[in-house]
Amino acid sequence: MAAPDPHRPDTVPQEYAAWRRRTLAAALAAFALAFALHGTMAEMRVEFGAEPPSPWFVLGLVAVAVGAFAPGLAGGCLALAALVSWRRLRRSCRLARAAWVVWVLGPLPVLLVPVSALFNLDPADALRTSTHQVRYLVLVTAPAFFALLPGALKAALVLLRFLPESRAPGQITLLAAPACVAAYLLPMGVLAQVAFHTELYAGLLLLSCSPVVPLLAVRRLLRRNTPEQAARLVRAIGLGQTALAVAGAVVLARWVAEHPVLLEWVGHVSPAWVLGAAAKVLASKWLTTVVVTDLLVAVLHREREAARALAGTVAGETLARRLDALGEALRPAAAPPRPPAK
């Protein structure tokens, strides 16, 4: 992505729209690939007896079927509409946000319904239904939720490319990176206590340390950068995260190769299923990055408008005094001056 021209700020919306178009197109392509390979993640078979079912039973059955198909299709259609209207940023932002909400939150009502108990399924059908419901939760809903914090980190780097003079990317990194690291390390803590293997733990730890890279560069993220400095910084952070990911993948691959049982199990896994799962995760990540970046840009703009509206007013002066008082109270104490050397 080329850095915006610092002498032409009026071109930033067009360049931002072009970045959104590329990212939305990638998310939509990944979503289409995942939907083609996996189809619906919910499957249920119900046999009616001699007596006709009750209307509520039929209504619940229809609701479950619609909940299995509709969120993915509706989210994909909304994402496509956001891509088609990429030049109209306001409309495209609303459509992308709606696509994320429908695709991620849409299946939750169905996932919260105890289908096997509600429809009194036999053990085989209940196990099949529960397996597909949990698989949808793991492959679609969970990645989208876990992508919120990495999406915020990615959005900070995107903002750095378009707003290199702003300190907001560094401030967002200070907030999101520690939370992201904690979210990644919690499963690592469970793994360390339940099933510790040195190479497995080391590989997952390397994969979990990607948020540490922008956190280590937070001092430079908080500076007033030029477009060239911002581009170099984003490139360096990306290379660092890629190096950690490759190293972690190599360690995990070596660990799997040393366990014949795991190696045999991996050989039985369908490549199409793995490709579909990876496509779902990438679609969630890219769509989340677009939505989070849109929200951050909107928040920064509204804060600037609010600051302009309050400038020179009594409310603005009161707010400034309160912020100064809180800032001084929270600021670390200055080190006492050193005595002059004798």
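Each position in the sequence shown, counted from 1, maps to that position plus 98 in the working numbering. All residues carry an ideal CB built from backbone N, CA and C; glycine is no exception. These numbers were taken from a predicted model, which means no experiment stands behind them.
- According to the DSSP assignment, D392 belongs to the alpha helix (DSSP H) that extends over P369 to L408.
- Taking a C-beta distance under 8 Å as the contact criterion, V389 and A194 qualify as a contact pair.
- For L206, the closest C-alpha among the options G170, A418 and A409 is that of G170.
- Cα atoms of P111 and A266: separation of roughly 18 Å, rounded to the nearest angstrom.
- Closest option to R259, judged by alpha-carbon separation, among E426, L304 and W117: W117.
- Nearest to L313 by C-alpha distance, out of A329, G414 and K252, is K252.
- Here V311 is buried. Its C-beta has 16 or more other C-beta atoms within 10 Å.
- When C-alpha distances from A172 are compared across F129, L210 and R186, the shortest belongs to F129.
- Residue environment for T271: buried (at least 16 other C-beta atoms within 10 angstroms of its C-beta).
- Within the same chain, and ignoring the five residues on either side of A328 in sequence, the residues whose Cβ sits closer than 8 Å to its Cβ are A101, L258, R259 and P262.
- For A274 against A293, the beta-carbon gap comes to about 29 Å, at or over 8 Å, which does not count as contact.
- In this structure, the alpha-carbon of S308 lies about 13 Å from that of A347.
- Between the stretch 337–354 and the stretch 375–385 there are fewer than three inter-stretch CB-CB distances shorter than 8 Å, so the stretches are not counted as touching.
- Counting every other CB atom within 10 Å of its CB across the protein chains shown gives A180 a total of 16 or more, marking it as buried.
- In this structure P248 touches K383 by the C-beta definition: roughly 7 Å separates them, less than 8 Å.
- By alpha-carbon distance to R317, the top candidate from Q269, A413, L398 and A277 is Q269.
- Take A343, set aside five residues on each side of it, and the residues of its chain with a beta-carbon closer than 7 Å to its own are L305 and S308, in chain order.
- Rounded to the nearest whole angstrom, the C-alpha separation of L178 and R188 is 15 Å.
- Going by DSSP, L203 is part of no alpha helix (DSSP H) at all; its letter is neither H nor E.
- Inter-residue distance for L298 and A341 is about 17 Å (C-alpha atoms, whole angstroms).
- Rounded to the nearest angstrom, the Cβ distance from A381 to A132 is 6 Å, consistent with a contact under 8 Å.
- With a contact defined as Cβ atoms closer than 8 Å, L417 and L408 qualify at about 6 Å.
- In the three-state scheme derived from DSSP, where H, G and I count as helix and E and B as strand, A293 is classed as coil.
- Distance from the Cα of F167 is smallest, within the candidate group L393, W184, Q291 and G204, for G204.
- With a cutoff of 8 Å on beta-carbon distance, V256 and T391 are scored as near each other.
- The residue among A115, T109 and C175 with its C-alpha nearest the C-alpha of L126 is C175.
- For G410 and I335, the gap between their C-alpha atoms comes out near 41 Å.
- The continuous alpha helix (DSSP H) containing A423 extends over residues V412 to L428.
- Spatial neighbours of A196 in its own chain (CB-CB distance under 6 Å, excluding positions within 5 residues in sequence) are listed in chain order as L176.
- Cβ-Cβ distances below 7 Å link R322 to E263 in the same chain, with the five nearest sequence neighbours on each side left out; the list follows chain order.
- For W198, the secondary structure class from DSSP, reduced to helix, strand or coil, is helix.
- Residue range P325 to A355 is occupied by the alpha helix (DSSP H) that includes W353.
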